[in-house]
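Everything on this sheet refers to the single structure shown next.
In my numbering, the protein residues as written are 3 to 208.
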């Protein structure tokens, strides 16, 4: 009888542990490059991000992740370091935006625990919480001055690859491909703007 009770307790504890492992919490940071594609030309810069995500594992191979992240993108971020090497000229109206991202990503897992890999893909909803305004250096009184450049909402696609290097640490690469036109329409503006980025990430699994 004691053996039966001990076996039942062991099975119950294993079951609870398995249920607990279905949910995973993560904190992560990332840094990389951004690319801004506009009708009248392209530019590059720096992308920084930090966030929290929650994953639900419904099998050993599949999980669903959502969360929230702050992403900061800066056009020509290195122009002061590499003056004249692909940077904008003095007085140029460079872009600097901050987004609040909400991804919904499906992950396919290869292996379990240390040394395992996860391939992710899904949509990301982006809300612009730090906009940039126009400043026309040659004409400070232009009607465009102090008007926002960017729309407040955008949709993107987020592919990712991550590797679990220890029990709590994982590293990866993730990108955001802008699918919608971010350029806010004004009387004197034309064309489109899409922002893409790719970043190396380091995460801590709680």
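Just so it is clear, CB atoms sit at the ideal spot from N, CA and C, and this is done for glycine as well.
Under the DSSP definition of a beta bridge, which residues are partnered with residue i?
i	result
residue 124	160
residue 26	57
residue 114	None, per the DSSP bridge assignment.
residue 75	49, 99
residue 40	43, 195
residue 67	57, 107
residue 179	159
Does residue i pass the burial test, meaning 16 or more other C-beta atoms within 10 Å, or should it be called exposed?
i	result
residue 154	exposed
residue 42	exposed
residue 188	exposed
residue 30	buried
residue 108	exposed
Could you tell me which of the options sits nearest to residue i, measuring between CA atoms?
i	options	result
residue 117	72, 167, 106, 161	167
residue 24	47, 194, 203, 67	67
residue 59	111, 201, 200	111
residue 63	120, 132, 34, 149	120
residue 100	36, 172, 206, 188	36
residue 114	61, 71, 42	61
residue 132	198, 70, 75, 52	75
residue 243	134, 98, 33, 165	What the structure shows of the chain is the stretch from 3 to 208, and residue 243 is not part of that stretch, so it cannot be assessed.
Leaving out the 5 sequence neighbours to the left and right, which residues in its chain are closer than 7 Å to residue i when beta-carbon positions are compared?
i	result
residue 156	128, 180, 182, 184
residue 165	119, 172, 173, 174
Can you give me the Cβ contacts of residue i inside the same chain, cut-off strictly under 6 Å, excluding the 5 residues immediately before and after it?
i	result
residue 161	123, 177
residue 194	41, 183, 185
residue 47	36, 76, 77, 78, 79
residue 71	51, 53, 103
residue 98	76, 134
residue 2	One cannot answer for residue 2 here, as it falls past the ends of the chain, which runs 3 to 208.
Using the Cα positions of residue i and residue j, report the straight-line distance between them to the nearest angstrom.
i	j	result
residue 208	residue 56	10 Å
residue 159	residue 28	20 Å
residue 203	residue 40	27 Å
residue 26	residue 130	27 Å
residue 125	residue 200	15 Å
residue 44	residue 106	28 Å
residue 174	residue 96	29 Å
residue 73	residue 65	24 Å
residue 196	residue 152	10 Å
residue 34	residue 69	20 Å
residue 163	residue 32	13 Å
Return the chain-ordered list of same chain residues with a C-beta closer than 8 Å to the C-beta of residue i, the five sequence neighbours on each side being excluded.
i	result
residue 170	206, 207, 208
At a Cβ threshold of 7 Å, is residue i touching chain B?
i	result
residue 31	No chain B is present in this structure, which holds just one protein chain.
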